[in-house]
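Just so you know, we're using the working numbering here: the sequence shown kicks off at 12 and counts up by one. Every residue gets a Cβ at the ideal spot worked out from N, C-alpha and C, and that includes glycine. All values derive from a computational prediction rather than experimental measurement.
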Amino acid sequence: MQTLLVGLNERSYPIHIGAGILDQAATLLHNPHQHSALPKQVFVLTNATVAAHYLQPLQRALAAHQIEVFEVPDGEHAKSMEWFEQALERLCSLGFNRDCAVVALGGGVVGDLAGFIAASYQRGVDFYQIPTTLLAQVDSSVGGKTAINLQGGKNLVGAFYQPQTVLIDTQCLTTLANRELSCGLAEVVKYGIIADADFFSWLEQNQAALLARDTTALTYAIRRSCEIKAEIVAEDEREQGRRALLNLGHTFGHAIETAFHQRNDHHSWHHGEAVAVGMVIAARLMQLKGELPQQAVERIEQLLQAFKLPTRAPKLDLAQWQQLMQRDKKVKAGQIRFILPTAIGQAEVRSESDWSLIAQAIHASEVES
Ligand SMILES: NC(=O)c1ccc[n+]([C@@H]2O[C@H](COP(=O)([O-])OP(=O)(O)OC[C@H]3O[C@@H](n4cnc5c(N)ncnc54)[C@H](O)[C@@H]3O)[C@@H](O)[C@H]2O)c1
Ligand SMILES: [Zn+2]
12 MQTLLVGLNE RSYPIHIGAG ILDQAATLLH NPHQHSALPK QVFVLTNATV AAHYLQPLQR
72 ALAAHQIEVF EVPDGEHAKS MEWFEQALER LCSLGFNRDC AVVALGGGVV GDLAGFIAAS
132 YQRGVDFYQI PTTLLAQVDS SVGGKTAINL QGGKNLVGAF YQPQTVLIDT QCLTTLANRE
192 LSCGLAEVVK YGIIADADFF SWLEQNQAAL LARDTTALTY AIRRSCEIKA EIVAEDEREQ
252 GRRALLNLGH TFGHAIETAF HQRNDHHSWH HGEAVAVGMV IAARLMQLKG ELPQQAVERI
312 EQLLQAFKLP TRAPKLDLAQ WQQLMQRDKK VKAGQIRFIL PTAIGQAEVR SESDWSLIAQ
372 AIHASEVES
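This is the structure we're talking about:
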């Protein structure tokens, strides 16, 4: 097992990574600040898909605790006011008090919802993350952003609320769908582009092992991703500066996701897929500005393709791109701020207002008709 620390002073916490460590949940899930064990009363939030594989092992590991399981539907719609409220009402009717703990067992949806519940119930109770998708293991479970959605948009209500411990059991990835594995790999590639050229090269060399779900390769990819995210979050917990780099590809990606969401088409584009295309557009934009060599753009595209991710944008008209991107949370005083790679391993936050250049970058990345 490997352990990293997210350094946030009095809110610092460990991330444990290992194969089969779910069995050790009783000892690994503890409160590092009060040096106390996992509370007696434990509220486990999960969904039926994840529960089918991992709930019993967790219950077995926590046999000495009073476990209450709360299942939400599988899918993004669980991150709603409705499920938030139902979970809080259940906590209350169970008589759980300030000393209880909320444990998220699942992907990013379960983690984001459980985190906001933990942040809100009685003004905050202990929170533990057991992420079970690659995306949740390398991204959403680390860093303390929690959220639910409104009709008007994703992640519009939430809190910064750090967990007490993150337990990453790489064996959970054995049951994950190929498409979900690829979506997680998109975020892994993102870390290489924004922060670590050597890691990017390592990913190029180990693509086959990662796709074959080789435990050693996955463990290293998860560890390096968590290290990069932890380091950025420790520097800028509330996204006043450098943390924005984690949004590489996301401004373009969210536009694609929202466009298809508005058409009520929830299946054609997953988050990681839209982000993959977004990273290609961002790289092309820099190539057009003469700030990134073509070879770097090609390496990014090839790596994403190797991970079975799309690299071509759907055809949307420019006005629609513009309108969708203006709604981005990163827009400040009407200016869209893009995360743009200046090299493989390095990126910057910039306001870019040359729409003809942006249009060119998008156009160059579109599917050929
Ligand atoms: N808080 C953050 O910093 C942050 C960062 C990135 C993404 N997110 C959020 O994360 C969510 C996406 O997370 P996700 O991609 O994990 O989606 P998800 O939670 O919907 O999981 C994807 C699918 O995999 C299933 N699943 C989960 N674990 C499994 C396993 N081990 N074996 C088999 N199936 C399994 C789930 O039931 C679901 O059907 C979005 O809501 C996004 O907004 C949050
Ligand atoms: Zn993302």
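Beta carbon of VAL360, beta carbon of ALA255: below 7 Å?
-> yes
Classification of MET290 by the beta-carbon crowding that lies within 10 angstroms, buried from 16 upward | buried
Can you tell me the Cβ-Cβ gap for ILE179 and ILE233, rounded? I've got them flagged as a contact below 8 Å.
-> 6 Å
Same chain only: Cβ atoms within 7 Å of ARG323, ignoring 5 sequence neighbours per side | VAL288, SER376, GLU377, VAL378
Would you kindly check if the distance between the Cβ of ALA115 and the Cβ of LEU56 is under 7 Å?
-> yes
Give every residue of the same chain whose Cβ lies closer than 7 Å to the Cβ of VAL136, excluding the five residues on either side of it in the sequence, and list them in chain order.
-> ARG109, CYS111, ALA112, VAL113, ALA129
If you scan the region 55-141 from start to end, which runs of the alpha helix (DSSP H) of 4 or more residues do you find wholly inside it?
-> 59-72, 92-104, 119-131
If you measure from the CB of VAL286, is any heavy atom of ligand 2 nearer than 6 Å?
-> yes
Give a yes or no on whether the C-beta atoms belonging to LEU314 and VAL168 are separated by under 7 Å.
-> no
Between SER151 and ligand 1, is the CB less than 6 Å from at least one heavy atom?
-> yes
Within 6 Å: the Cβ of ASN189 and any heavy atom of ligand 1?
-> no
Distance between beta carbons of TYR139 and LEU40, contact taken as under 8 Å = 5 Å
Look up GLY260 in the DSSP assignment and say whether it is helix, strand or coil.
-> coil
Specify the secondary structure class of THR226 as computed by DSSP and reduced to three states.
-> helix
List the whole-angstrom C-beta distance separating LEU196 from LEU145, where the pair is believed to meet the contact cut-off of C-beta under 8 Å.
-> 7 Å
Do the region 25-36 and the region 68-87 make contact, defined as three or more Cβ pairs closer than 8 Å?
-> yes
From what residue to what residue does the beta strand (DSSP E) around TYR24 run?
-> 24-29
Per-residue burial, LYS156 [other beta carbons within 10 Å of its own, 16 or more giving buried] | buried
Since ALA358 and LEU259 are thought to touch, with beta carbons under 8 Å apart, how far apart are those beta carbons, to the nearest angstrom?
-> 6 Å
Could you pull out every residue in the same chain whose Cβ sits closer than 6 Å to the Cβ of GLN77, ignoring the five residues on either side in sequence?
-> LYS51, GLN52
Roughly how many angstroms lie between the CA atoms of ALA147 and ILE159, to the nearest whole one?
-> 15 Å
ILE355 and ALA293: beta carbons closer than 7 Å?
-> no
So what's GLU198 in DSSP terms, helix, strand or just coil?
-> helix
Who are the Cβ neighbours of ILE141 in its own chain at under 6 Å, not counting the five residues just before and after it?
-> LEU116, LEU178
Within the present structure, is the beta-carbon of LYS201 separated from the nearest heavy atom of ligand 1 by less than 6 Å?
-> no
Let me know the beta strand (DSSP E) ranges lying completely inside the region 137-166, each 3 residues or longer, listed in chain order.
-> 137-142, 156-161
Contacts around LEU296, its chain only, beta-carbon distance under 6 Å, and the 5 residues preceding and following it disregarded | ALA372
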